[in-house]
Every structure is written in structure tokens, then in C-alpha cells.
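Colleague: Numbering (our numbering), first residue to last: 175 to 401.
Glycine included, every Cβ here is placed at the ideal spot set by N, Cα and C.
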Ligand SMILES: C[S@@+](CC[C@H](N)C(=O)[O-])C[C@H]1O[C@@H](n2cnc3c(N)ncnc32)[C@H](O)[C@@H]1O
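1. Excluding five sequence neighbours on each side, which residues of the same chain lie with their C-beta closer than 7 Å to the C-beta of residue 307?
2. May I ask whether a heavy atom of ligand 3 can be found less than 7 Å away from the beta carbon of residue 306?
3. Leaving out five residues on either side along the sequence, give the residues of the same chain with a beta carbon under 8 Å from the beta carbon of residue 309.
4. Given a cut-off of 8 Å on the beta-carbon distance, is the pair residue 353 and residue 388 in contact?
5. Cβ-heavy atom distance between residue 244 and ligand 1 below 7 Å?
6. Per the DSSP calculation, residue 298 is bridged to which residue(s)?
7. In chain order, what residues of the same chain have a beta carbon less than 7 Å from the beta carbon of residue 289, not counting five sequence neighbours either side?
8. Ligand 1 and residue 345: does the residue's C-beta get closer than 7 Å to at least one heavy atom of that ligand?
9. May I have the straight-line CA-CA distance separating residue 218 from residue 211, to the nearest angstrom?
10. By Cβ distance below 8 Å, which residues in the same chain neighbour residue 371 in space, the five residues on each side in sequence not counted?
11. My assumption, with CB atoms under 8 Å, is that residue 206 sits in contact with residue 176. Please give the rounded CB distance.
12. Just to confirm, are residue 329 and residue 277 a CB contact at a threshold of 8 Å?
13. Indicate, with yes or no, if ligand 1 has a heavy atom lying under 7 Å from the CB of residue 262.
14. My guess is that residue 281 and residue 256 are in contact by the Cβ rule of under 8 Å, so how many angstroms apart are they, rounded?
15. Between residue 282 and ligand 1, is the CB less than 7 Å from at least one heavy atom?
16. At 3 residues or longer, and completely inside the stretch 303 to 354: list those beta strand (DSSP E) runs for me, N to C.
17. Does the beta carbon of residue 311 fall short of 7 Å from some heavy atom of ligand 1?
18. Exposed or buried, what is residue 335 when buried is set at 16 or more other beta-carbons lying within 10 Å of its beta-carbon?
19. To the nearest angstrom, how far is the alpha carbon of residue 345 from that of residue 397?
20. Going by the DSSP bridge assignment, what does residue 377 pair with across the sheet?
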């Protein structure tokens with residue numbers, strides 16, 4: 175799976191791609207993350223990527239020319255132009271079903287906004303898949319792009335140590351419920367004991383307990399998932 179990130183701040187990704195499971199997946203060639211600085215697609219002396227909004231108001235707006243030309247050229251560089259995602263609070267809210275859909279692509283280009291956001295003509299010309307992290311405002315699309323990269327990468331075969339672990343995760347599997355409670359050693363801490371069924375080695379009983387715990391937790395915390 176290849177990700178092309180189009181951003182004004184590529185440096186933000188250094189720690190993210192250099193650590194943990196993602197770094198290993200990159201090293202093993204399972205994931206390829208390429209960073210492109212939108213500023214490289216400017217041709218004026220000051221490398222201007224933003225300007226004041228027509229009609230007035232606070233802040234600056236990302237200019238149409240560098241963004242459109244950056245996206246077009248990056249996508250043209252490969253036989254597969256890839257699926258273009260624009261990170262925006264005005265898109266469809268990311269969830270595990272959308273993550274699964276995105277994981278079906280071979281290449282994803284992630285367009286990160288900044289300032290007051292994108293000149294509207296960028297959206298009209300590029301017709302991206304607009305994705306939001308939720309009903310709140312970030313400073314830029316970079317953290318959102320990282321969330322997409324990390325959640326999609328988990329579904330790429332070989333990235334997780336144990337393939338089964340993503341199937342039992344919350345919002346995953348056929349039922350899309352919350353995951354059951356997990357415990358590790360010690361068996362008792364400050365009077366709180368691990369449920370005895372998990373210690374008995376009866377795998378059918380453990381599976382039954384987990385299924386019931388998963389349903390009950392979902393009922394209490396996220397009733398909406400049962401509908
Ligand atoms: C400060 S925000 C601009 C918000 C814009 N003025 C609005 O009200 O819709 C700057 C950039 O951060 C990113 N961003 C902010 N909140 C986001 C969210 N909830 N999901 C995805 N991207 C977000 C987008 O790329 C956006 O263009």
C-alpha cells in the first residue's frame with residue numbers, strides 16, 4: 175500500500191513513520207509513505223501558498239494553483255493515480271467501515287489543508303473523497319492523514335504481528351461491536367480479580383464470555399452500534 179501525503183509540513187511525519195509497527199512495515203516494504211511539500215509547486219519568489227479570503231474575514235486560504243498542480247503531478251507520476259482523499263472537517267466522518275473501504279485501494283493520496291482551509295475550486299476541480307476526523311477543528315490535515323495511514327495500515331496483511339487481532343477489535347468483524355474486556359497479569363490487583371473463566375483454559379467458555387461481554391459493553395456504552 176502506498177500513501178502520498180501532500181502537505182505544507184512534511185517534517186511533522188518524521189517521528190510518525192520512524193517508530194513502531196509502521197516503521198517495521200515500511201522497512202519490510204508493506205507500506206510506502208511518500209511526502210510532497212505543496213510549497214514546491216509555487217513559482218513566485220516568496221513561495222506563496224496562501225492568500226487573503228475574497229469578501230474579507232480572518233485568516234488565510236490555501237491557493238488553488240499550487241494545490242491542484244501538486245496533486246495532479248504527484249498522481250501522474252505512477253500508472254495508478256490512486257484514490258484522492260482531502261482531509262476536511264466537512265467530509266464524511268471516518269469510521270472502521272470507511273477504513274476498510276480505503277484499504278481496498280493500492281495507492282492513496284492524502285491532501286492536508288492548513289489555515290482557513292482550501293479555496294473551494296480545489297474541491298470542485300479534483301473531486302476528492304472528503305474525509306473528516308469528527309466534529310471538531312484541527313490546525314491542519316496532518317494529524318488526520320496520520321490517522322488514515324495508521325488505521326488503513328493495520329488492515330494490510332503482514333503489518334500486525336497477529337492477523338486475528340484486527341478482527342476482534344472494536345467496530346470490526348461481522349457485528350462491529352466494542353471489543354470485550356482484556357486482562358493480563360497479575361491475576362489480582364487491589365482486590366480486583368480477573369474473571370475466573372479466562373483462567374480456566376476452556377476455549378469455548380472463553381469465547382462465549384467474550385461474546386457476551388462485547389454485547390453488554392456495546393449496549394451500555396454505544397447503543398447506536400446495535401441498531
Ligand atoms: C483550521 S482547519 C480549517 C477549517 C475550516 N475553516 C472550516 O471551518 O471548515 C485547517 C485544516 O485542518 C484540517 N482539519 C481540521 N479539522 C479537521 C477534521 N475534523 N478532520 C479532518 N481534517 C481537519 C483540514 O485539512 C483543514 O483544511
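Modeller: Inspection of the coordinates gives the following:
1. 268, 318 and 321
2. Ligand 3 is not among the ligands present in this structure, which contains only ligand 1.
3. 263 and 267
4. yes
5. no
6. For residue 298, which the question treats as bridged, DSSP gives no partner whatsoever.
7. 224, 233, 234, 235 and 236
8. Taking non-hydrogen atoms of ligand 1 into account, the C-beta of residue 345 is found less than 7 Å away from none of them.
9. 15 Å
10. 379, 380 and 383
11. 4 Å
12. yes
13. yes
14. The C-beta distance from residue 281 to residue 256 rounds to 3 Å, short enough to meet the 8 Å contact threshold.
15. no
16. Positions of the beta strand (DSSP E) runs, each at least 3 residues long and wholly inside the stretch 303 to 354, are given as 303 to 306 in order along the chain.
17. yes
18. So residue 335 counts as exposed.
19. 13 Å
20. DSSP lists no partner for residue 377.
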